[in-house]
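Those protein sequence lines, which keep their order, are chains A and Y. Residue numbers for the first sequence follow my numbering, so the first one is 1 and each next one is one higher. Residue numbers for the second sequence follow my numbering, so the first one is 1 and each next one is one higher. Glycine residues also receive a C-beta, built at the ideal position from the N, C-alpha and C atoms. The block underneath contains the structure these notes are about, expressed in structure tokens.
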Amino acid sequence: MKFRLAFIIEIPVIAALLFSCNNSGNLIGIDHYQNRFNTTPHHCMLPAAGSDTSYQAVVATGSGPYLFVGESDEITCMSLILFDIDPDSNVLDSATVTLQLIDVIGTSSSQFALNIHILQTPWEESDTEWGAFSSAYLGEPDSTVILTISELPDDTTDVSFRFHLPLPWIKHWQDTLDAIPNYGMAFTTDASFIAVFGSAESSDQPLLSVYSHAEGDTSVIDRHTYPMHDVFIPGTFQESTSDFLYVSNGLGFRSLLYFDISSIPETATINQAQIHLKQDSTLTFPHWNAGSNLSLTCVSVTETPWPFPEIPYDSLYTGYGLAYGDSAVINITTLVQLWSSGEKQNHGVMIKGTSEAYDISGAAFYTTASDSLNRPFLELYYSVPDMNNGQ
Amino acid sequence: MKILRWFCILLIGSVFIHQNTYGGSILSSSGIGTPYHFSSSRSMGMGGVSIAVPVPMNTPRSNPALLSFIESTQLSLQFYYEFNRIEDQSEKAVSQYANLDGFDFAIPCGRGVSLGIGMRPWTRVDYKMVFNDSIASESYSKSVIGSGGLNAFDFSLSARPVSLISIGLTGHAYFGRIQEQQILVYENSAFKSSDDIASYQHKGFGWTAGLLVKPSDRFQIGTIFRPKCKIETEAEISHIFSNKTETAKGNSTIPSAFGIGLSAEVFRGLHMGFDYKYHQWQDLTVMDKPANNTQNVNGFSFGMEYLATTEPFANIWKRIAYRCGLSIEPAYILDPSGNSITEKWVSLGVGFPFFVNAAVLDISLSAGIRGSVEQNGLSEKMLRLSVSITGRERWFIDRFR
Chain A
1 MKFRLAFIIE
11 IPVIAALLFS
21 CNNSGNLIGI
31 DHYQNRFNTT
41 PHHCMLPAAG
51 SDTSYQAVVA
61 TGSGPYLFVG
71 ESDEITCMSL
81 ILFDIDPDSN
91 VLDSATVTLQ
101 LIDVIGTSSS
111 QFALNIHILQ
121 TPWEESDTEW
131 GAFSSAYLGE
141 PDSTVILTIS
151 ELPDDTTDVS
161 FRFHLPLPWI
171 KHWQDTLDAI
181 PNYGMAFTTD
191 ASFIAVFGSA
201 ESSDQPLLSV
211 YSHAEGDTSV
221 IDRHTYPMHD
231 VFIPGTFQES
241 TSDFLYVSNG
251 LGFRSLLYFD
261 ISSIPETATI
271 NQAQIHLKQD
281 STLTFPHWNA
291 GSNLSLTCVS
301 VTETPWPFPE
311 IPYDSLYTGY
321 GLAYGDSAVI
331 NITTLVQLWS
341 SGEKQNHGVM
351 IKGTSEAYDI
361 SGAAFYTTAS
371 DSLNRPFLEL
381 YYSVPDMNNG
391 Q
Chain Y
1 MKILRWFCIL
11 LIGSVFIHQN
21 TYGGSILSSS
31 GIGTPYHFSS
41 SRSMGMGGVS
51 IAVPVPMNTP
61 RSNPALLSFI
71 ESTQLSLQFY
81 YEFNRIEDQS
91 EKAVSQYANL
101 DGFDFAIPCG
111 RGVSLGIGMR
121 PWTRVDYKMV
131 FNDSIASESY
141 SKSVIGSGGL
151 NAFDFSLSAR
161 PVSLISIGLT
171 GHAYFGRIQE
181 QQILVYENSA
191 FKSSDDIASY
201 QHKGFGWTAG
211 LLVKPSDRFQ
221 IGTIFRPKCK
231 IETEAEISHI
241 FSNKTETAKG
251 NSTIPSAFGI
261 GLSAEVFRGL
271 HMGFDYKYHQ
281 WQDLTVMDKP
291 ANNTQNVNGF
301 SFGMEYLATT
311 EPFANIWKRI
321 AYRCGLSIEP
331 AYILDPSGNS
341 ITEKWVSLGV
351 GFPFFVNAAV
361 LDISLSAGIR
371 GSVEQNGLSE
381 KMLRLSVSIT
391 GRERWFIDRF
401 R
């Protein structure tokens, strides 16, 4: 009886809660509403400060899946490959290198000469600059092979090139007592397009095949070796000017911008923050795979004044965007939220190519010194709760 | 003790249903919310008449002087359910709300002295609105959700120094959080939403004094007075994406109230009562600022109860109390044009004794209307069901006699 009584009381109340048909929100009686506070949306466009500039960083291009060789749109590329060759007392018969052509940038010819330079100095994948290897590019090649492109590669089919290496090179590299250690080879070309080969980081990696036989034995011994190191090095003979903000993959051009957001209250919620850039489409950069689009990454610079040439940055809160047509938009909502709330200091942003380590595409954007319609700006949608002190 | 044990279990279970469901009256967006400190279910069945109606079987909520009339230790639990049909010139909607309406525990200490404690809602804030708008060609919707309210923990002391007069005093410890959440959601999914919450934490003390004069067994006159009191209010605005908060401290004023009531047994078993209450709502302040658009309120209640007998072994139908009443009282908030929003109620109620009069179940059903679309631009038609259950036991009476 006691339990029943409890249930009699409680069940209708609980049922009313569970099955209640609530007013889900409407404008009924809106005139009677007296706000305790008010979250007000705002929209503004903040111009970039006049300190915007570009600089060139050293980019480690050895980790990408591609090796670029050739020249297109003022960009020149060479690639370095080092095969680890073990000492061998057998008699060398031949040595071949196989490269997989994945794509071409620019208009390819049916044949092109691939120059091979023996490298005389050591190098690391993470630290290669054009200047250190320009002599290899400009000097006479140690060997040249003519490659014929019978058909262009597509998404499903690669074109395989196989060519012989001079046997004395292999002997030198096998001889650990030789005066010139094995520092690998540089590949260049005079072709007016860029050949894209698979690197050691791809499934289409280069292959060195060495064929030999033992003294007094005719049976062939074949050894296949993949690169120990490989890297592509882009270079340009185009002068960068202060008229543009350059962003270039491979070359490592990055742009720095600063937006003064001190007018945004620290209690604001940033609904959206986008950097808008205008692109000078008359300047051409090689583009590959992504058509004419260039993926951009925006990171927060952590120090001012900007300490050239190595600008420190925090990539924890990264904004992404795309340059297409004559403009680029980069979303940095999270970053601006951290700035406005004071959780991070605003030292500006660095815009760089998303594929710096494995691409050579780029773009040039107008600076704050250009025509007012072309200047970079930050478009902000934010809301601010205004305390009304409860009526 | 056995009876009260079951009531305690019921009280603990009720904690789980003590929650708000959104979508009530937009009028609660004003001030400290809509007043929700109801009298007992018994009084609500009589239109709210409560100031001068001493009944030993119920725990008084309005007039602390009535506490001296209880004859045994008793615990009352009260629940209510409300259905609200809201309407303006263009739209209609319904909302429902159910909650524990507090508890009261009273102990008679003998010689007319009684103690009581209780806790109950004092005001209620419960609304939700959605606005659609755009900025710089980006469409967004803003949801405004209000919730919370003030509660009061009461401690009462009552005495009957002479048989004609009872006096009582209730101390109110006010506490509660009133919260308004504003959520800004853009149609474009690339935008992040804003979610800001303004929270007002109130705490403070007040008191109510009560007096009951009983010149005869059939006639009582009572009065209550509650002076205005200042309570501390701490406001805080927090943001979903930021750990920064805006805070401010201030005082809020709960306005004074005065009431007078009469009750009389006009016929054998038929009691009639009348209450007049006055609230000085224009004194209401929140964070030291006067509330907008308020008015002082005069409220009138009239009700009657028929109870044939309290004899525990009489026919059950004769032991049931039958009640009815009506009340009229404007809301303390004026409409945007400055017109008063009148609130009228008609109520019916019954009281079922059980456990040989050791417990009573009171039920009241009230129908009310607040405002009119023509005059105020808003009307609310409400049904309110109030259920209270009171259990009684003798604890100390014999010892003090």
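Short CB-CB distance (under 9 Å) between residue i and chain A
i       : result
A136(Y) : yes
E232(Y) : no
K142(Y) : yes
K92(Y)  : yes
E87(Y)  : yes
L75(Y)  : no
S372(Y) : no
I237(Y) : yes
D133(Y) : yes
M119(Y) : no
Y127(Y) : yes
G149(Y) : no
CB of residue i within 9 Å of CB of residue j, strictly
i       : j       : result
T267(A) : Q182(Y) : no
M372(A) : S242(A) : In the sequence as presented, Met is not what sits at residue 372(A); that position holds Ser. No, the pair does not count as a contact, with Cβ atoms beyond the cut-off.
L361(Y) : T342(Y) : no
N151(Y) : K381(Y) : no
L294(A) : G362(A) : yes
T302(A) : H347(A) : yes
P206(A) : L67(A)  : yes
H172(Y) : F191(Y) : no
V94(Y)  : I107(Y) : no
L157(Y) : P54(Y)  : no
S166(Y) : F69(Y)  : yes
S30(Y)  : S40(Y)  : no
S364(Y) : L378(Y) : no
D52(A)  : S255(A) : yes
Rounded Cβ spacing between residue i and residue j (contact assumed at less than 8 Å)
i       : j       : result
L167(A) : A95(A)  : 6 Å
F161(A) : L147(A) : 5 Å
E125(A) : H276(A) : Actually they do not touch by this definition, with Cβ atoms about 36 Å apart.
S287(Y) : A235(Y) : Before going further, note that residue 287(Y) is Met rather than Ser in the sequence given. Yes, they are in contact, since the Cβ atoms of M287(Y) and A235(Y) sit about 6 Å apart, within 8 Å.
T225(A) : I118(A) : T225(A) to I118(A), Cβ: 17 Å. No contact.
I360(A) : G250(A) : 4 Å
A364(A) : F244(A) : 4 Å
Proximity test, Cβ basis, 9 Å: residue i and chain Y
i       : result
C21(A)  : Any reading at C21(A) is ruled out, since the residue's pLDDT is 42, under 50, leaving its predicted position unreliable.
I330(A) : no
Q111(A) : no
G348(A) : no
Q337(A) : yes
A290(A) : With a pLDDT of 44 at A290(A), under the threshold of 50, the modelled position of this residue cannot be trusted, and the question is left open.
S24(A)  : Bear in mind that a pLDDT of 48 at S24(A), under 50, signals an unreliable position, so the number given afterwards is only what the model happens to contain. Taking Cβ atoms only, chain Y reaches closer than 9 Å to S24(A), which makes this a yes.
I28(A)  : yes
G342(A) : yes
T304(A) : no
T236(A) : no
Members of the stretch 315-345 of chain Y that neighbour chain A once the beta carbon cut-off is set at 8 Å:
I333, D335 and P336
Using a Cβ-Cβ cutoff of 9 Å, what residues of the stretch 185-209 of chain Y are near chain A? List them in chain order.
Y186, N188, A190, F191, K192, S193, S194, D195, D196, I197, A198 and Y200
Of the residues that make up the stretch 239-255 of chain Y, which ones have a beta carbon closer than 9 Å to any beta carbon in chain A?
H239, I240, F241, S242, N243, K244, T245, E246, A248, G250 and S252
Segment contact, 8 Å Cβ cut-off, at least three pairs: the stretch 332-339 of chain A with the stretch 315-323 of chain A:
yes
Residues, ordered as in the chain, of the stretch 30-48 of chain A that lie near chain Y by beta-carbon distance below 8 Å
I30, D31, H32, Y33, Q34, N35, R36, F37, N38, T39, P41, H42 and H43
Within 9 Å of chain Y by C-beta, residues of the stretch 262-273 of chain A in sequence order:
E266, T267, A268, T269, I270, N271 and Q272
Which residues, in chain order, does the stretch 153-187 of chain Y contribute to contact with chain A at a C-beta distance below 7 Å?
E180, Q182, L184 and Y186
Any contact of the stretch 24-40 of chain Y with the stretch 122-132 of chain Y, i.e. 3+ C-beta pairs under 8 Å?
yes
Validate contact between the stretch 318-331 of chain Y and the stretch 255-268 of chain Y using beta carbons, cut 8 Å, 3 pairs:
no
Counting only Cβ-Cβ distances shorter than 7 Å, please list the residues of the stretch 376-392 of chain Y near chain A, keeping chain order.
G377, L378, V387 and I389
When you check each C-beta in the stretch 26-46 of chain Y against every C-beta of chain A, which residues fall closer than 9 Å?
I26, L27, S29, S30, G31 and I32
According to a CB-to-CB cut-off of less than 9 Å, which residues of the stretch 290-306 of chain Y neighbour chain A?
P290, A291, N292 and N293
Chain A contacts made by the stretch 263-274 of chain Y, where a contact means CB separation under 9 Å:
none
Residues of the stretch 47-62 of chain Y with a CB closer than 9 Å to any CB of chain A: list them in chain order, please.
none
The stretch 194-201 of chain Y / the stretch 233-248 of chain Y touching (three or more Cβ pairs under 8 Å):
yes
Taking contact to mean 3 or more Cβ pairs, one atom from each stretch, closer than 8 Å, check whether the stretch 341-355 of chain A and the stretch 278-288 of chain A are in contact.
no
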